[in-house]
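*Asks:*
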Amino acid sequence: MATANTNLSEYDKELIPNASSMSFGIVVSEWNANITDNLLQGAYDTLIENGAKEENIIVKRVPGTYELSLASQLMFENTSVDSVVAIGSVIQGETKHFDFVCEAVSQGIKDVNLKYNKPAIFCVLTDNTLQQAIDRSGGLHGNKGVECAVAAIKMVALKNELKG
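Oh and the sequence shown: position 115 is 115 in the working numbering, straight run, nothing missing.
1. Secondary structure at I109, three-state DSSP: helix, strand or coil?
2. Using three-state DSSP, classify A133 as helix, strand or coil.
3. Give the secondary structure of I58 by DSSP, where H, G and I count as helix, E and B as strand, and everything else as coil.
4. Can you pull the DSSP bridge partners for N32?
5. Starting from the C-beta of K96, find all residues in its chain whose C-beta is less than 7 angstroms away, skip the five residues before and the five after it, and write them out in chain order.
6. From the DSSP secondary-structure annotation, give me the bridge partner or partners of T126.
7. Could you spell out the range, first to last residue, of the alpha helix (DSSP H) harbouring N156?
8. Rounded to the nearest angstrom, what separates V150 and A86 at their Cα positions?
9. Would you mind stating whether N125 and S137 have Cβ atoms separated by less than 8 angstroms?
10. When the Cα atoms are used, what is the spatial distance from T46 to D99?
11. Counting only the same chain and skipping the five closest in sequence on each side, list residues whose C-beta sits under 7 angstroms from that of F122.
12. Taking the alpha helix (DSSP H) that S69 belongs to, which residues open and close that run?
13. Return the chain-ordered list of same chain residues with a C-beta closer than 8 angstroms to the C-beta of K60, the five sequence neighbours on each side being excluded.
14. If you reduce the DSSP assignment to three classes, tell me which class I121 lands in.
15. With which residues is S83 paired in a DSSP beta bridge?
16. Which term fits M1, buried or exposed, when burial requires 16 or more other beta carbons within 10 angstroms of its beta carbon?
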């Protein structure tokens, strides 16, 4: 397992650009809210800890993980955010629904990145069990929301740097 012996919440704060001039959208699935709310808290707190201003963070909820791609697109089309963090949790069940949702949202978020030339960060847990999701949303392996907020900051900084 990729997160074995890894804490998703650990990062070198010295290597993170200041986010005070950046704006962020966060779209969060209501499905598996016990997991996604923890991911949201980790992402939000990390943005604030690294200089983002509360007024420059827009949080919107959507019914499920499948809706994250469109919500990310709508966030870019209707706001001036520099990056969107798409937060969801899909837990393997007894049917192929898991496969369809995971494939659709991963491709959808990728497409939003390329269409808008802005970072849309894939913060979707795709776990086999509820315990794995708990472990990655503030439990044993830290919080994937933290890791994704850091990625959002770094990608906005990279885009700004390359733009000149």
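Where a beta carbon is used, it is the ideal one built from N, C-alpha and C, also for glycine. As the structure is a computational prediction, the values presented were derived from the model and not from experiment.
*Replies:* Inspection of the coordinates gives the following:
1. Your numbering for residue 109 matches position 109 in the sequence shown. Correct three-state label for I109: helix.
2. Sequence index remark: in the sequence shown, residue 133 carries index 133 (1-based). Helix at A133.
3. Looking up residue 58 in the sequence shown gives position 58. Note: I58 maps to strand in three-state DSSP.
4. Within the sequence shown, numbered from 1, the residue matching residue 32 stands at position 32. DSSP lists no partner for N32.
5. Here residue 96 corresponds to residue number 96 of the sequence shown, with the count starting at 1. For K96, where only same-chain residues beyond five positions count, there are no Cβ hits under 7 angstroms.
6. The residue given as residue 126 occupies position 126 in the sequence shown. Note: T126 sits in a beta bridge opposite V90.
7. Position 156 of the sequence shown, counted from the start, is the residue given in the question as residue 156. According to the sequence provided, residue 156 is Val. The question's Asn does not apply to it. Unbroken alpha helix (DSSP H) run through V156: 144-163.
8. Translated into positions along the sequence shown, residue 150 becomes position 150. Translated into positions along the sequence shown, residue 86 becomes position 86. So the alpha carbons of these two residues sit roughly 13 angstroms apart.
9. What you label residue 125 is simply residue 125 of the sequence shown in a count that begins at 1. What you label residue 137 is simply residue 137 of the sequence shown in a count that begins at 1. Residue 125 is actually Leu in this sequence, not Asn. Yes. Within cutoff.
10. As a first step, residue 46 is located in the sequence shown; it is residue number 46 there, counting from the start. As a first step, residue 99 is located in the sequence shown; it is residue number 99 there, counting from the start. When rounded, the distance between both Cα atoms is 30 angstroms.
11. Mapped onto the sequence shown, residue 122 falls at position 122. Only A86, S106, I109 meet the Cβ criterion.
12. Taking the sequence shown and counting its residues from 1, the one referred to as residue 69 is at position 69. Taken as a continuous stretch (DSSP letters only), the alpha helix (DSSP H) holding S69 covers 68-78.
13. If you number the sequence shown from 1, residue 60 lands on position 60. Taken in chain order, the residues that qualify are G25, I26, V27, V28, A71, M75.
14. Looking up residue 121 in the sequence shown gives position 121. Residue state, collapsed to three classes: strand.
15. Taking the first residue of the sequence shown as 1, we reach residue 83 at position 83. F24.
16. Residue mapping note: residue 1 aligns to position 1 of the sequence shown, counting from 1. Unreliable placement is indicated for M1, whose pLDDT of 46 sits below 50; the coordinate value is still reported in the next sentence. Looking at its Cβ environment, which holds fewer than 16 other Cβ atoms inside 10 Å, M1 is exposed.
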